[in-house]
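J.: What follows is a structure written as structure tokens; I'll ask about it next.
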Amino acid sequence: MRKKVIAGNWKMHKDLSESQSLITKLTNALSKEEVKCDVIICPPFTSLSEAAGLVKNTKVKLGAQNMHFEGRGAFTGEVSAAMLKSVGCEYVILGHSERRAIFGESDETINKKIKKALDSGLRPIFCIGETLQERESGIMNDVIKRQITEGLHQVSKGEMEQTIIAYEPVWAIGTGVTATPDQAQEVHVYVRKLIAEIFGDDTAEKLIIQYGGSVKPNNAAELLSQNDIDGALVGGACLEADSFMNIIKSA
Ligand code: PEP
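Listed below in structure tokens is the structure:
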């Protein structure tokens, strides 16, 4: 049995005091619950250091939302894997569709970031997913296959076992439209099959595949009850402690 993993992607929300308040509410609520899943929060860079202190000795683990693939240098505005490690991050979201679409990140760039993260001891939450146009024109599986094979190029089996994949159909992110449990399950099965072909059945069986895209307290339980949905990557609904807690409790 794979232990479910619920991660919150805060995106560009919450200044320092708002972050303190949300984390405090969340850790207080979690301390009163028997939680069966792992919980990760990914606040903005400016709150990571403070967040690391607040989640210490709690059930919450810390992740970042992005990083650069170089170790250091003249990359104004960028943050390295070592910097994220130094403030207490264990995870980093890579390949999010907003990074791909708004900031022009290619599969090749994402691959460099994934390898750098793994090399530095950070666990990637590697996001993949098709646009509505790609789904409707019947090339969804090709897109997913390309994102996986190129994104994970030269990643070792051992490194793959440190990696989480988040299937996030682009048309479901921030739109309020969720993939149906069947639609999500179908893609998760396909992703696990691709991972089995590259890394072997045992690695594929252990792989955590999260679903992301308008996961809310009222749809989380049904999505998470699917065999191959091992958790959720949550955007909007992680910004309030109550709604994030309700998703965590349904895992
Ligand atoms: C996300 O940003 O990864 C996401 C899934 O957002 P939302 O839950 O708001 O759709």
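Going by my numbering, the first residue of the sequence shown is number -1, and it counts up by one from there. From the three backbone atoms N, C-alpha and C, an ideal C-beta is built for every residue, glycine too.
Report the CB separation of Gly61 from Tyr89 in whole angstroms; it is logged as a contact under 8 angstroms.
T.: Going by Cβ atoms, the distance from Gly61 to Tyr89 rounds to 3 angstroms, so yes, they are a contact pair.
J.: Among Lys191, Ala235 and Asp228, which residue has its Cα nearest to the Cα of Gly172?
T.: It is Ala235.
J.: Report the residue ranges of all beta strand (DSSP E) runs contained in full by the stretch 64 to 150; include only those spanning at least 3 residues, in chain order.
T.: Listed in chain order, they are 89 to 92 and 121 to 126.
J.: Whole-angstrom Cβ separation of Pro167 and Gly211, contact assumed at under 8 angstroms?
T.: That pair is a contact at about 5 angstroms.
J.: What do you get for Ala218, buried or exposed, if any count of 16 or more other CB atoms within 10 angstroms of its CB means buried?
T.: Burial call: buried.
J.: Spatial neighbours of Cys87 within its chain, please: C-beta separation below 8 angstroms, excluding the five flanking residues on both sides.
T.: Counting only Cβ-Cβ distances below 8 angstroms, and skipping sequence neighbours, we find Leu46, Ala50, Leu60, Gly61, Ala62 and Leu120.
J.: Assign Asn109 to buried or exposed, taking buried as 16 or more other Cβ atoms, counted over all protein chains shown, within 10 Å of its Cβ.
T.: Looking at its Cβ environment, which holds 16 or more other Cβ atoms inside 10 Å, Asn109 is buried.
J.: For Leu192, which option in Lys143, Cys125, Gln18 and Glu128 has the closest C-alpha, if you only look at C-alpha atoms?
T.: Nearest of Lys143, Cys125, Gln18 and Glu128 to Leu192, Cα basis: Lys143.
J.: Secondary structure at Gln208, three-state DSSP: helix, strand or coil?
T.: Strand, per DSSP.
J.: May I ask whether a heavy atom of ligand 1 can be found less than 8 angstroms away from the beta carbon of Ser241?
T.: Answer for Ser241: no, Cβ out of range of ligand 1.
J.: So, using beta-carbon positions, are Ala164 and Phe124 closer together than 9 angstroms?
T.: A contact, by the Cβ cut-off of 9 angstroms.
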